[in-house]
């Protein structure tokens, strides 16, 4: 039986929610669609939950229900996949998040095996970090520029944990709650310079920390108006410091300044909001935005210029 994605198991609520457009028309920023990646009969893509892009433009998408990572070229053409169902290093039980290092090594957050798997850019298994002894259920992982530290969102402990590549717990912060340093089901995590940006899903916000665990600010709050969230899942920061946050329930991506001020919603021109289908993990590289649309079983790629 195929696994249920984190989106479905944790955060989807069957409640009527007024959309941003219905309540208040926000400022929009037009983006142009370049292409989309969909699975085929030979190479299915089912509920992609997260995505990264390497230096040479190779796209890697987490295909959790199929227990694999699928790789595509810069135009979205299938290259190869790796991984299979299992409970050992290099085998997946419930892969959800993916991080990429400065050397293009891939780090897969496997919540089912409570493990971070490490692969090279060709999908060859290099090692693992076993998190089970610390009761960590990983959702996503970000790798520091020196490739020595892993910043991991923990679904079970409602916290961020920091491990080195040898599997030693270096630090941790957070607990279940609604205050500044609390989390409720943290989702994706993005490292930008010396700051960590985290989608704090059930607290309907994103939060920003220094890499040493010092709380800096909250971005957004609960609601359906511009600058608010219902179920944020994806977060990514562009080179100019703008923060992009995907709301998997309202199906929009909102953009904020580096200081956390709401700027606009991604749109299609003439003030029309761009609607996604349950957007999850997102990634930004070279002025391109990569969006996993989980319930549409696809990845969409946009030009941000």
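Residue numbers (this note's numbering): 2 to 306. Yeah, the Cβ is synthetic: ideal placement off N, Cα and C, and Gly gets one too. Just so we're clear, the structure is a prediction, and the values are computed from it rather than from any experiment.
Specify, as a first and last residue, the run of the beta strand (DSSP E) that residue i falls within.
i: residue 219; result: 216-220
i: residue 307; result: Residue 307 lies beyond the stretch modelled for the chain, which goes from 2 to 306, so this question has no answer here.
i: residue 64; result: 60-64
i: residue 282; result: 280-286
i: residue 164; result: 160-165
i: residue 231; result: No beta strand (DSSP E) contains residue 231, which DSSP labels as neither H nor E.
i: residue 186; result: That residue, residue 186, is in no beta strand (DSSP E); it is neither H nor E in DSSP.
i: residue 138; result: Careful: residue 138 lies outside any beta strand (DSSP E) and carries neither H nor E.
i: residue 72; result: 69-73
i: residue 31; result: 29-31
i: residue 119; result: 116-120
i: residue 248; result: 244-248
By DSSP, does residue i sit in helix, in strand, or in coil?
i: residue 297; result: helix
i: residue 82; result: strand
i: residue 95; result: coil
i: residue 202; result: helix
i: residue 46; result: coil
i: residue 172; result: strand
i: residue 239; result: coil
i: residue 306; result: coil
i: residue 147; result: coil
How would you call residue i, buried or exposed, if buried means at least 16 neighbouring beta carbons within 10 angstroms?
i: residue 294; result: buried
i: residue 238; result: buried
i: residue 36; result: exposed
i: residue 180; result: exposed
i: residue 230; result: buried
i: residue 234; result: buried
i: residue 255; result: buried
i: residue 136; result: exposed
i: residue 23; result: Any reading at residue 23 needs caution, since the residue's pLDDT is 48, under 50, leaving its predicted position unreliable; the model's value is listed next. Exposed, since its Cβ has fewer than 16 Cβ neighbours within 10 Å.
i: residue 125; result: exposed
i: residue 149; result: exposed
i: residue 129; result: buried
i: residue 189; result: buried
i: residue 87; result: exposed
Name the one or two DSSP bridge partners that residue i has.
i: residue 265; result: 256
i: residue 132; result: Paired residue(s): none; residue 132 is not in a bridge.
i: residue 177; result: 184
i: residue 101; result: 107
Whole-angstrom Cβ separation of residue i and residue j, contact assumed at under 8 Å?
i: residue 155; j: residue 139; result: 7 Å
i: residue 267; j: residue 258; result: At roughly 15 Å, the Cβ-Cβ gap does not stay under 8 Å, so residue 267 and residue 258 are not in contact.
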